[in-house]
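J.:
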Amino acid sequence: MSEHAESTQAADTPAGDAAAQAAEQAASERRVQAEVGVARELRGHQPLILDEPDYYWEIRTGGVEVLGTRIEDGAPTTLRRHCMHVGERRAVFGHTPLDTPKDNLMGFMAVATGTTEVVRRHTADLEVALGGPRFRSRAALESLEHWVTELGRIMTVGSPPSRSPSRLPPVEPGEPTEPLVFGKDEEIAGHTQDVMWMRLSDGELALFGIDDFQVSTDNGFLLVSPEMWLQVRSEEATIEYWPLNRVPYPGALRDAIAGLHRLLGRYLEKERQDNDRAEIRRRALSEELRQLKSAAAFQELASVLDPKEIYPRRDDHLLTAATVVGQQLGLQVNPIPPSEDLSRVKHPMEAIARASKVRARMVLLGVDWWTRDLGPLVAFLGDEARQPIALLPNGSGYDYIDPSKSLTRQPLTAEVRDEICSDAYMFYRSLPEKVGGVLDLLRFTGRKNGGDILFALMMGVFATLLGLIVPRATGTLVDKAIPFADTGLVWQLFIILAVAGIATGVFTFAQLMTTVRTGVRAEVTAQSAMWDRLLRLRPDFFRDYSSGDLQTRVSAVSEIARELNGATLRPMITGVLALLNFLLLWYYSWDLAKIAIWASIVVLLVTIIASYFVRRLSYTLHDLEGDFHGLMTQLIGGVGKLRTSGSEHRAFNHWVSKYTQQLRYKLRIQFIQDLIKVFNLGLGPVATAVLFWKAVDLTIDLPIDDEKRITTGDFIAFNTAFTLFLAGWQDVSNTLVSVLDSVVKGRRIQPLLSGEPEVGDEAADPGRLTGDIRLENVSFRYSPDGPLILDQVHCEARPGEYIAFVGPSGSGKSTILRMLLGFERPEYGRVLYDGQDLAGLDVLAVRRQIGSVLQEGRLSAGSVMDNLANNAVVTHGEAWDAVADAGMSDDIEAMPMGLHTVVSEGGGNLSGGQRQRLLIARALATRPKIVMFDEATSALDNKTQATVSEALDRRKVTRLVIAHRLSTIRNADRIYVLEKGRIVQQGSFEDLSAQPGLFRELMRRQMA
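Position 160, counted from 1, in the sequence shown is what the numbering used here calls 160; the numbers after and before it change by one each time, with no gaps.
(1) By the DSSP assignment, the beta strand (DSSP E) with Val931 in it spans what residues?
(2) How many Å lie between Leu998 and Asp202 at the Cα?
(3) If contacts are defined as beta-carbon pairs under 8 Å, then Ser779 and Asp791 qualify, I think. What distance do you get, rounded to the angstrom?
(4) Under 6 Å Cβ to Cβ from Glu117, same chain only, skipping five residues before and after it: list those, please.
(5) Using only the alpha-carbon positions, how far apart do Asp891 and Leu769 sit?
(6) Smallest Cα separation from Arg982: which of Ile280, Ala963, Ala651, Gly810?
(7) Can you give me the C-alpha to C-alpha distance between Leu244 and Glu935, rounded to a whole angstrom?
(8) Per the DSSP calculation, His122 is bridged to which residue(s)?
(9) Identify, in the order they occur along the chain, each residue of the same chain with its Cβ nearer than 8 Å to the Cβ of Lys184, setting aside the five sequence neighbours on each side.
(10) Would Thr525 and Ala456 qualify as a contact pair, given that the criterion is a beta-carbon distance under 8 Å?
(11) Grab me the residues of Arg538's own chain with a C-beta within less than 6 Å of its C-beta, minus the 5 sequence neighbours each way, in chain order.
(12) Between the alpha carbons of Ala321 and Ile389, how many angstroms are there, rounded?
(13) In the DSSP assignment, find the unbroken alpha helix (DSSP H) run with Trp598 in it and report its ends.
(14) Just to confirm the assignment, what range does the beta strand (DSSP E) spanning Ile892 have?
(15) In whole angstroms, what separates the C-alpha of Met897 from that of Val864?
(16) Identify, in the order they occur along the chain, each residue of the same chain with its Cβ nearer than 7 Å to the Cβ of Ala11, setting aside the five sequence neighbours on each side.
(17) So, do the region 489 to 499 and the region 438 to 454 have three or more beta carbon pairs nearer to each other than 8 Å?
(18) Just the Cα atoms here: how many angstroms apart are Thr464 and Ala695?
(19) Taking the Cβ atom as the reference point for each residue, do Leu223 and Val215 lie within a distance shorter than 8 Å?
(20) DSSP beta-bridge partners for Gln46?
(21) Please check the pair Val195 and Thr156, which I expect to be a contact at CB under 8 Å, by giving their CB distance rounded to whole angstroms.
(22) Thinking Leu642 and Ala651 are a contact (beta carbons under 8 Å), I'd like their distance in whole angstroms, please.
(23) What do you reckon, are the CB atoms on Leu407 and Tyr400 nearer than 8 Å?
(24) For Ile469, which residues from the same chain have a beta carbon less than 6 Å from its beta carbon, with the 5 sequence-adjacent residues on both sides left out?
(25) Rounded C-beta distance between Glu142 and Gly94? I'm assuming under 8 Å.
(26) Does DSSP put Ser201 in a helix, in a strand, or in coil?
(27) So Gly330 and Thr371 are in contact, right, with Cβ under 8 Å, and what is the actual spacing, rounded?
(28) Taking the CB atoms as reference points, tell me whether Trp229 and Ile188 lie closer together than 8 Å.
(29) Using the Cα positions of Leu918 and Gln634, report the straight-line distance between them to the nearest angstrom.
(30) How is Gln332 classed by DSSP in three states: helix, strand or coil?
(31) Between which residues of its own chain and Gln985 is the CB-CB distance below 7 Å, once the five residues before and five after are set aside?
(32) Since Pro47 and Met109 should fall inside the 8 Å C-beta cutoff, what is the C-beta to C-beta distance between them, to a whole number of angstroms?
(33) Can you list, in chain order, the residues of its chain whose CB lies under 8 Å from that of Ala256, leaving out five sequence neighbours each side?
(34) Assign Gln914 to one of three DSSP states: helix, strand, or coil.
(35) Which residues mark the beginning and the end of the alpha helix (DSSP H) in which His654 is found?
(36) Taking Cβ to Cβ, would you say Ser589 is nearer than 8 Å to Phe718?
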């Protein structure tokens, strides 16, 4: 075994052979430097190449990290895979990788984690120690068992048995063993606790059921750990087995370790190839997205000169159809990431929507659906083929695009409509990651509404221009038609006014319908986008707000969108256009027009003053309403507790107090609004009186030839125009009051808009997790000036390990699980999944691969099956397996409708133990690789608890468990003991029980 072998190149010449021999001799001399039994010190990060199968290294102090790596020319490459950590009183074993395609030069190296003292030992000495006296063999047994168990655990990740395997029976020292015979496809595993010798004397086996890992009678003796399992490939297989301390023959240990290393080398090479293929797929996906963005950019550039729609073709027809629909909505549609398990989704569109960070909903196409604007849809042609197509509205109906034929719009004919399936998918747009405020929200909701707003504006202009005819016609009637008894002119004016009135009515109706449609569309867009935004916010956002308060804030978005896009749009347009009448006033008489100016100034001042007070009161009112709705939600949810404690009267008194406060503010605001209405009603007559008073001078007192003199008809026309002008200006003032109310509501929704989404646009997909988890020096506090809840916590869980966290209340156990699930973010340090920092990952994709049961876990209203599936696709067989593993089969079978028995909200019709077992079954139903339990078995009896533990052992999952009852974690691979946010102890149950410390103190308290 050597620290590093120098690479040499041997040519096909005598000189080359001599050089090779010299290099080999030099390497041999270097090995002599590390003599057997002599201690050697390794400094931090110093590597040790494990390339000698006849020797092993004993770790006296410190520890090393064992890495799998490809060995080329006697040196490790940069491609390395972490295998395990080996600590004190343990050993690492050597392996010479064979230069064959099957073994592919995979070897091992150890890297010191700090100053580490190691001793080189001969494998033959270890073999002798195994059969020696107990004081000699115990340390040797533990070192070898640890090494074999860790290697087995590495290889079993991702290869769990399909059923519960048959395990080798225990063997007492000196007790003879009989060969075991197994049938075809039967699965065999090692003993539950001990590493054992095993030899195949007849038949064929496949390690982990993988054809590349065939085991035949030529393989000799194998070392089998509890995690390792084999599948019979022949009709029958006969197996012999012995305890580890019964060495079959001299040199058997060396051969068995070498065989195990070769298997691991092939496994690591296979894993590397799988990772390479996954990386190729990720890069191809990245390149596809890059090309898609480039194509979209060039299409947008080309559309300036050639404004036609061009759609990109994607990998499959469904993704292409979704991309076409997304392009219509301004969405970027992404392909399904590797982390998605399509067997768990009801339709791939759900996975596409998640990848694109938008919401999708299945809708049913009703009768004459194509006559209504339902927005762009992804539909399917043919009940059997279900060919994806994109349905695009065209103003009068629908067009469609069939990606299997072409990417051009085709009119939706009756023949095509008859083939379309009744179900389709609709996308809901999501708000951008960063939203500046209400104006950005209005721009978002106003997308595609520009044409409608322009149309409403044009209708308003036409209606206003026609309205200008009324004053002019009235003046002509008084000045010319009536004095001269011109009946023909009267009829002409009648026809003109009638036509103008009808046209104005048509224009006003069209404007009204357009603004209503615009308002409803904006309201739906804003409401769905805001609820989506709320569901995407970081969990710590919800600490500062009650559920009722959040509901009022989200509802305010609908009111703002409705007020600013619909309800106020029409009066605002009409009012502003009515100001055109001022031009007519100016035309008739500038002196009288001054009265209109002063009247408008008075209206504006009163509106500003009233709005100032309304705004101040509204701020307080909306805050009170939020608190009140929060109180209502809490009271309704706690009715049972209120009745139990007899606190109904106190709750009612509290409700009355809160309701009275907001009622006072509502009355104050209503009083101010009523004053504005009374003022506007009184302003008209007063202004008209002033107008008539001034008109006397301009119509009677002035000479006929005076330029300022106006006729009676002109005055009547002026008065009509003045009435229209004043009404329009009052509409504008009333609308401004409503807009100010929207501004107040905008302040309420600002925290929702500025809140940070839990998953950013740059979050990476984690891929399929293997169960390797690590917390690196994590520190955390709930508030910037609060105490540290976690203080430099460093722990890890390797794939398939059972990790437990214990400690007194408030020590930070639950916070660790919240950190692992991404509910909290560390102040310092990192949370790693498979070596990937959780801060840069799509945390939702991570959670979908974890089965968790938290303290505040609740059941939803629905059937038992609905709760088990939890919106995923779970078969009945998987559901029964999950409830069996949770020890609930008998309970489910006793229920009136079995898996379809209805569960009330929160599981009120179940006992505490049944609720807890159903939550455990829900966590196991989708067969996750990682399971996290926070006091998940506190309400279970010992028998059910044992059933759950055995089921998790069979499933080979990474388990992280928080427990107060220490008896439930006796079989944990590693226990972390926390106190005041720090890990004060770690080790196995036996080790911690034997040493003084907090763990033993906790045991003493529970036994007392």
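For each residue, glycine too, the CB sits at the ideal point set by N, CA and C.
T.: Result, derived from the coordinates:
(1) For this step, residue 931 is matched to residue 931 along the sequence shown. Counting along the chain, the beta strand (DSSP E) containing Val931 begins and ends at 930 to 934.
(2) As a position in the sequence shown, residue 998 is number 998, starting the count at 1. As a position in the sequence shown, residue 202 is number 202, starting the count at 1. If you take the alpha carbons of Leu998 and Asp202, they lie about 52 Å apart.
(3) Stepping through the sequence shown from its first residue, residue 779 is reached at position 779. Stepping through the sequence shown from its first residue, residue 791 is reached at position 791. With a Cβ gap of about 6 Å, Ser779 and Asp791 count as contacting.
(4) Position 117 of the sequence shown, counting from 1, holds the residue named residue 117. Contacts found: Ala39, Glu41, Arg60, Thr61.
(5) One-based indexing of the sequence shown puts residue 891 at position 891. One-based indexing of the sequence shown puts residue 769 at position 769. Rounded to the nearest angstrom, the two C-alpha atoms are 33 Å apart.
(6) Locating residue 982 in the sequence shown gives position 982, counting from the first residue. Between Arg982 and the set Ile280, Ala963, Ala651, Gly810, the nearest pair of CA atoms involves Gly810.
(7) On the sequence shown, position 244 is the one that residue 244 refers to. On the sequence shown, position 935 is the one that residue 935 refers to. CA-to-CA, the gap between Leu244 and Glu935 works out to about 37 Å.
(8) Taking the first residue of the sequence shown as position 1, residue 122 is located at position 122. The secondary-structure analysis by DSSP pairs His122 across a beta bridge with Tyr55.
(9) Looking up residue 184 in the sequence shown gives position 184. In chain order, Val232, Arg233, Ser234, Glu235, Glu236 place their CB closer than 8 Å to the CB of Lys184, counting only its own chain and leaving out the 5 sequence neighbours on each side.
(10) Taking the sequence shown and counting its residues from 1, the one referred to as residue 525 is at position 525. Taking the sequence shown and counting its residues from 1, the one referred to as residue 456 is at position 456. In this structure, Thr525 keeps its C-beta atom at 8 Å or more from the C-beta atom of Ala456.
(11) Position 538 of the sequence shown, counted from the start, is the residue given in the question as residue 538. Glu756, Glu758, listed in sequence order.
(12) As a working mapping, residue 321 is identified with position 321 in the sequence shown. As a working mapping, residue 389 is identified with position 389 in the sequence shown. For Ala321 and Ile389, the distance between alpha carbons rounds to 5 Å.
(13) Your numbering for residue 598 matches position 598 in the sequence shown. Residue range 590 to 637 is occupied by the alpha helix (DSSP H) that includes Trp598.
(14) The residue labelled residue 892 in the question sits at position 892 within the sequence shown. It is not in any beta strand (DSSP E) - Ile892 instead sits in the alpha helix (DSSP H) that spans 889 to 894.
(15) One-based indexing of the sequence shown puts residue 897 at position 897. One-based indexing of the sequence shown puts residue 864 at position 864. If you take the alpha carbons of Met897 and Val864, they lie about 9 Å apart.
(16) Within the sequence shown, numbered from 1, the residue matching residue 11 stands at position 11. The predicted model places Ala11 with a pLDDT of 37, which falls under 50 and marks its position as unreliable; any figure quoted below should be read in that light. Once the five neighbours on either side are set aside, Ala11 has no close Cβ partner at all.
(17) Contact between the region 489 to 499 and the region 438 to 454 is absent, because fewer than three Cβ pairs lie under 8 Å.
(18) Taking the first residue of the sequence shown as 1, we reach residue 464 at position 464. Taking the first residue of the sequence shown as 1, we reach residue 695 at position 695. Cα to Cα, the separation comes out at about 26 Å.
(19) The residue you call residue 223 lines up with position 223 of the sequence shown. The residue you call residue 215 lines up with position 215 of the sequence shown. At a Cβ-Cβ threshold of 8 Å, Leu223 and Val215 do not count as neighbours.
(20) Along the sequence shown, one-based indexing puts residue 46 at 46. Per DSSP, none; premise fails for Gln46.
(21) Taking the sequence shown and counting its residues from 1, the one referred to as residue 195 is at position 195. Taking the sequence shown and counting its residues from 1, the one referred to as residue 156 is at position 156. Contact flag wrong, Cβ pair sits at about 14 Å.
(22) Walking along the sequence shown from the start, residue 642 turns up at place 642. Walking along the sequence shown from the start, residue 651 turns up at place 651. Yes, Leu642 and Ala651 are in contact; Cβ-Cβ is about 5 Å, under 8 Å.
(23) For the purposes of this step, residue 407 is taken as residue 407 along the sequence shown, with counting starting at 1. For the purposes of this step, residue 400 is taken as residue 400 along the sequence shown, with counting starting at 1. No, these two residues do not count as a Cβ contact at 8 Å.
(24) Within the sequence shown, residue 469 is the residue found at index 469, counting from 1. In the same chain as Ile469, and ignoring 5 residues on each side of it, the C-beta atoms closer than 6 Å to its own belong to Ala500, in chain order.
(25) Sequence index remark: in the sequence shown, residue 142 carries index 142 (1-based). Sequence index remark: in the sequence shown, residue 94 carries index 94 (1-based). The distance from the Cβ of Glu142 to that of Gly94 is about 19 Å, inconsistent with a contact at the 8 Å cut-off.
(26) Walking along the sequence shown from the start, residue 201 turns up at place 201. The answer is strand: DSSP assigns Ser201 an E or B state.
(27) Locating residue 330 in the sequence shown gives position 330, counting from the first residue. Locating residue 371 in the sequence shown gives position 371, counting from the first residue. With a Cβ gap of about 25 Å, Gly330 and Thr371 do not count as contacting.
(28) Against the sequence shown, residue 229 aligns to sequence position 229. Against the sequence shown, residue 188 aligns to sequence position 188. For Trp229 and Ile188, yes; Cβs fall inside 8 Å.
(29) Sequence index remark: in the sequence shown, residue 918 carries index 918 (1-based). Sequence index remark: in the sequence shown, residue 634 carries index 634 (1-based). Cα-Cα distance, rounded: 26 Å.
(30) Locating residue 332 in the sequence shown gives position 332, where the first residue counts as 1. Coil at Gln332, not helix or strand.
(31) Residue 985 sits at position 985 when you count from the first residue of the sequence shown. Only Val977, Leu992, Gly997, Leu998, Phe999 meet the Cβ criterion.
(32) Residue 47 sits at position 47 when you count from the first residue of the sequence shown. Residue 109 sits at position 109 when you count from the first residue of the sequence shown. Their Cβ separation, rounded to whole angstroms, is 5 Å, which keeps Pro47 and Met109 in contact under 8 Å.
(33) Along the sequence shown, read from residue 1 onward, the residue named residue 256 stands at position 256. The beta carbon of Ala256 sits closer than 8 Å to the beta carbons of Trp197, Gly220, Phe221, Leu222, Leu223 from its chain, once the five residues preceding and following it are set aside; these are given in chain order.
(34) In the sequence shown, counting from the first residue as 1, residue 914 sits at position 914. Helix at Gln914.
(35) As a position in the sequence shown, residue 654 is number 654, starting the count at 1. According to the DSSP assignment, His654 belongs to the alpha helix (DSSP H) that extends over 648 to 696.
(36) Taking the first residue of the sequence shown as position 1, residue 589 is located at position 589. Taking the first residue of the sequence shown as position 1, residue 718 is located at position 718. Phe718 sits close to Ser589, with the two beta carbons spaced by under 8 Å.
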